[in-house]
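FYI, the numbering for the sequence shown is -21 to -1, 1 to 312, going by mature numbering (1 follows the signal peptide of the UniProt record, and there is no 0).
Cβ coordinates follow ideal geometry from the N, Cα and C atoms, glycine included.
Here is the structure we will look at, set down as structure tokens.
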Amino acid sequence: MKRFKNLAAIFLIAASIPVFTACGQNNSSTGSTGKYKYGKLQIQALGGGVCGAPAYIAKEKGFFAKEGFDVTLVSGTFEEQKTGLASGGFTVTNGDFQFFPSVQQGLDIKVIGGLHKGCIKLVVPPNSPIKTANDLKGKRIGVDEIGGTPMAITTLVLANAGIDPTKDVKWIPYPLDQLTKAVDKGDVDAFAAWDPFATLAERDNNYKVITDIAQDPLFKGKSCCFLYASNKEIKENPEKIAALVRAYKEADDWIAKNPEEAAKIEVDKKYVSTTDVKLVTELIKNYDFQYTTDAAKEDVKYFVGQLNKTGFLKKDTDPEKFANDVYYDASGK
């Protein structure tokens, strides 16, 4: 769609990191140490979102350790995620289709599974004249970072409403915990964010939901977060990747069976920015935590098709070819 062609520039800028630059962190793993077959491993997972549960639970319940990993969870930006995967700083990370342009730019990573369904909402204040996505033309939208998943999600919403995401709206980045204040001050008209931030604004400040990707037909039933792995590690250490997949799958299975306990762990360990265990439990139940393989590949194909409407990817990207190229099934390796 010609009028969305400039959107690619925004995401390609976000995607064009030097692929040989270290991310200022230790290597993802060291040699076998003591009881840990695969040694130390860093995983960037401390983003404050409820949906980071698979990594939190795999660490807290010992699923990583069981598979031979001494894991440290770290925080960081989307750019640091990409750089870490490229440089060897990270072996795996979770994320949505915001990585797809980087893959086309040469970032050598693979999707190795789907982790859960929707966890992002686009919201507006209670007195807003914005009633639907069609009303967002000319508005300012707050996001946690340019090129991140909430922004990518919102571009799909806008494109399907006939709004050019590059020309018809203004994107303004804020820290997640400041997005509600930014709207209240009048600096932005709406914001898109991970839970619990948008849901807290909805519950505590009577914000209205424009899009909830757990319910919106555009996203419902599709993986919100995928698990990505360094293709270099896949080639050199397939058994290591398979072990990580087992840990994530066990975590997903455990979360699905124990949502209340998972929520309590997230709150007690301060993985999320709320003390409301009941709310976190409700959100976890909505996300359908289930590790998927073939379905994840189909979701990749689906989102490539949707992203072709926005200019997010190179012109005329073939969804099936992209999915075949980027997906790797490590579950049986």
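{"Asked": "CB-CB length for Y186 against V102, believed under 8 Å", "Found": "4 Å"}
{"Asked": "Residue range of the unbroken beta strand (DSSP E) whose run includes P152", "Found": "K149 to P152"}
{"Asked": "Three-state secondary structure assigned by DSSP to V50", "Found": "strand"}
{"Asked": "Where P81 sits in the DSSP three-state scheme", "Found": "The sequence given here places Ser at residue 81; Pro does not occur at that position. Three-state result, S81: helix."}
{"Asked": "Beta-carbon proximity check, V136 vs A112, cutoff 7 Å", "Found": "yes"}
{"Asked": "Contacts around A226, its chain only, beta-carbon distance under 8 Å, and the 5 residues preceding and following it disregarded", "Found": "A37, F42, F43, K45, E46 and F48"}
{"Asked": "Straight-line Cα distance separating Y207 from G67", "Found": "13 Å"}
{"Asked": "Contact between the stretch 15 to 26 and the stretch 162 to 169 (3+ Cβ pairs under 8 Å)", "Found": "no"}
{"Asked": "Whole runs of the alpha helix (DSSP H) within the stretch 88 to 126, excluding any shorter than 4 residues", "Found": "none"}
{"Asked": "Beta-carbon proximity of V82 to V305, cut-off 7 Å", "Found": "yes"}
{"Asked": "Opening and closing residue of the alpha helix (DSSP H) in which D232 lies", "Found": "P217 to K236"}
{"Asked": "Rounded straight-line distance, which links the Cα of L262 to that of residue 315", "Found": "Lying before the first or after the last residue shown, residue 315 is absent from the chain, which here runs from -21 to 312."}
{"Asked": "Nearest-angstrom Cα separation, counted from I142 out to I192", "Found": "18 Å"}
{"Asked": "Closest Cα partner of D156 within the set I213, F170, I125 and G284", "Found": "F170"}
{"Asked": "For K100, the nearest candidate out of C203, I125 and L25 (CA to CA)", "Found": "C203"}
{"Asked": "Whole-angstrom distance between T128 and Q194, CA atom to CA atom", "Found": "17 Å"}
{"Asked": "Pairwise C-alpha distance: K214 and I189", "Found": "43 Å"}
{"Asked": "Residue closest to P80, alpha-carbon to alpha-carbon, out of Y307, N287 and N303", "Found": "N287"}
{"Asked": "Start and end residues, beta strand (DSSP E) containing Y207", "Found": "C204 to S209"}
{"Asked": "Sequence-distant residues of the same chain with beta carbon closer than 7 Å to D278, five excluded per side", "Found": "G93, K201 and S202"}
{"Asked": "Distance, K89 Cα to R119 Cα", "Found": "34 Å"}
{"Asked": "Coil, strand or helix - T271 by DSSP", "Found": "strand"}
{"Asked": "Span of the beta strand (DSSP E) around Q21", "Found": "K19 to Q23"}
{"Asked": "Residue span of the alpha helix (DSSP H) that contains I142, given as start and end", "Found": "Taken as a continuous stretch (DSSP letters only), I142 belongs to no alpha helix (DSSP H), as it is neither H nor E."}
{"Asked": "Of the residues K280, S310 and A309, the one placed nearest D75, counting alpha carbons only", "Found": "K280"}
{"Asked": "Integer-rounded CB distance, given that T260 should sit under 8 Å from residue 352", "Found": "Nothing can be reported for residue 352, as the shown portion of the chain is limited to -21 through 312."}
{"Asked": "Span separating the alpha-carbon of residue 331 from that of N265", "Found": "The structure shown has nothing for residue 331, since the chain only spans -21 to 312."}
{"Asked": "Range of the contiguous beta strand (DSSP E) that encloses G74", "Found": "V71 to G74"}
{"Asked": "Residues near P298 in its chain [Cβ-Cβ closer than 6 Å; skip 5 each side]", "Found": "K280, V283 and G284"}
{"Asked": "For Y250 and I91, believed in contact at Cβ under 8 Å, the rounded distance", "Found": "That pair is no contact at about 23 Å."}
{"Asked": "Limits of the unbroken beta strand (DSSP E) element including A171", "Found": "A169 to W173"}
{"Asked": "Cβ-Cβ distance between I234 and A309 below 7 Å", "Found": "no"}
{"Asked": "Start and end residues, alpha helix (DSSP H) containing D191", "Found": "Where D191 is concerned, there is no enclosing alpha helix (DSSP H), although the beta strand (DSSP E) it sits in stretches over K187 to D191."}
{"Asked": "Residues near K248 by beta carbon distance below 8 Å, same chain, minus five either side", "Found": "Y35 and E39"}
{"Asked": "Residues of its chain near G31, where Cβ-Cβ distance is below 7 Å and the 5 sequence neighbours each way are ignored", "Found": "A24 and Y250"}
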